[in-house]
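Trainee: First the structure, then my questions, so here it is.
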Amino acid sequence: MDRTGLGTRSAFLACAASLLGSLVCIPAYSSDVDQIPPTEGRTYVVPYEAAEARFTPLYADNPNSPQISVLWGNPQTGPSAALFRFPLNYGGRFHSHSAAYHLSLMEGTMKHWDEGQLEADVPIQTAGAYWYQPGGQLHSDNCLSEFCVAFVVFDGAIDSAYAD
Numbered sequence: 005m006d007r008t009g010l011g012t013r014s015a016f017l018a019c020a021a022s023l024l025g026s027l028v029c030i031p032a033y034s035s036d037v038d039q040i041p042p043t044e045g046r047t048y049v050v051p052y053e054a055a056e057a058r059f060t061p062l063y064a065d066n067p068n069s070p071q072i073s074v075l076w077g078n079p080q081t082g083p084s085a086a087l088f089r090f091p092l093n094y095g096g097r098f099h100s101h102s103a104a105y106h107l108s109l110m111e112g113t114m115k116h117w118d119e120g121q122l123e124a125d126v127p128i129q130t131a132g133a134y135w136y137q138p139g140g141q142l143h144s145d146n147c148l149s150e151f152c153v154a155f156v157v158f159d160g161a162i163d164s165a166y167a168d
């Protein structure tokens with residue numbers, strides 16, 4: 005284990021690249037791709053720099069919303085994997101998603117909590133943290149650093165429903 009923390013990002017990126025090894029890179033919000041194309045036995049890698057260059061606002065009508073860089077799938081219609089970049093202090097509002105998701109924090113510090121918990125009572129999460137969020141469950145997040153980058157895999161289309 006790297007006690008200096010310098011290897012955390014490199015180790016995570018290597019792990020993410022390994023997980024993505026058999027997947028094809030799809031442009032963000034491609035409306036004509038509803039599933040992962042066949043890989044024909046080849047390995048596909050999406051360099052972090054290439055993925056970072058394709059970040060776009062998650063909500064087109066809100067340029068201050070989190071940004072997304074789709075790695076595979078179509079987040080409008082089905083399962084997908086993407087990098088998300090959250091701005092400082094984005095979050096705090098309870099919401100749910102129809103589909104479950106898996107999140108691994110790559111950069112920054114965040115908090116994540118469920119309905120019934122208080123932000124002040126949950127621990128700060130740093131690079132390398134992982135959480136699973138079931139679909140339909142109210143939760144909230146907050147990015148505590150200048151920005152946060154997370155690798156997220158959604159089991160279905162990405163949507164949000166906000167609590168009253």
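Just so you know, we're using the numbering used here here: the sequence shown kicks off at 5 and counts up by one. Cβ atoms here follow ideal geometry from the backbone N, Cα and C, with glycine treated the same way.
Is E150 helix, strand or coil by DSSP?
Mentor: Coil.
Trainee: Bridge partners of E119, per DSSP?
Mentor: None, per the DSSP bridge assignment.
Trainee: Under DSSP, the alpha helix (DSSP H) around A57 begins and ends at which residues?
Mentor: That run of the alpha helix (DSSP H) goes 52–57.
Trainee: Does the count of Cβ pairs from the stretch 94–111 and the stretch 137–156 closer than 8 Å reach three?
Mentor: Judged by Cβ distances under 8 Å, the stretch 94–111 makes contact with the stretch 137–156, as three or more pairs qualify.
Trainee: Give every residue of the same chain whose Cβ lies closer than 6 Å to the Cβ of L107, excluding the five residues on either side of it in the sequence, and list them in chain order.
Mentor: Only W135, A154, V156 meet the Cβ criterion.
Trainee: Determine the DSSP secondary structure at D168, reduced to helix, strand or coil.
Mentor: Coil at D168, not helix or strand.
Trainee: Could you tell me whether the stretch 59–71 touches the stretch 121–133, where touching means 3 or more Cβ pairs closer than 8 Å?
Mentor: With a cut-off of 8 Å, the stretch 121–133 and the stretch 59–71 do not count as touching, because too few Cβ pairs lie within range.
Trainee: Do you know whose CA, among A85, L87, E119, lies nearest A167's CA?
Mentor: Answer by Cα proximity: E119.
Trainee: Return helix, strand or coil for A161, following the three-state DSSP convention.
Mentor: It is coil, neither helix nor strand.
Trainee: Would you kindly work out how many angstroms separate the C-alpha atoms of A165 and A103, rounded to a whole number?
Mentor: Roughly 11 Å separates the two Cα atoms.
Trainee: Quick one: what's got a C-beta closer than 7 Å to E150's C-beta in the same chain, skipping five residues either side?
Mentor: Once the five neighbours on either side are set aside, the close Cβ partners of E150 are L92.
Trainee: Here's a check: name, in chain order, each residue in its chain whose Cβ is nearer than 7 Å to the Cβ of F158, leaving out the five neighbours to either side.
Mentor: For F158, where only same-chain residues beyond five positions count, the Cβ hits under 7 Å are P79, P83, S84, A103, Y105.
Trainee: Could you check what DSSP says for D145 in three-state terms: helix, strand or coil?
Mentor: Reduced to three states, the DSSP call for D145 is strand.
Trainee: Can you check whether the CB of M110 is closer than 9 Å to the CB of L142?
Mentor: Cβ distance not < 9 Å, so L142 and M110 don't count as in contact.
Trainee: In terms of residues, what are the limits of the beta strand (DSSP E) holding L62?
Mentor: No beta strand (DSSP E) holds L62; DSSP gives it neither H nor E.
Trainee: In terms of residues, what are the limits of the beta strand (DSSP E) holding V74?
Mentor: Element bounds for V74: 71–77.
Trainee: What is the DSSP secondary structure of A104, reduced to helix, strand or coil?
Mentor: In the structure shown, A104 sits in coil (DSSP, three-state: anything other than H, G, I, E or B).
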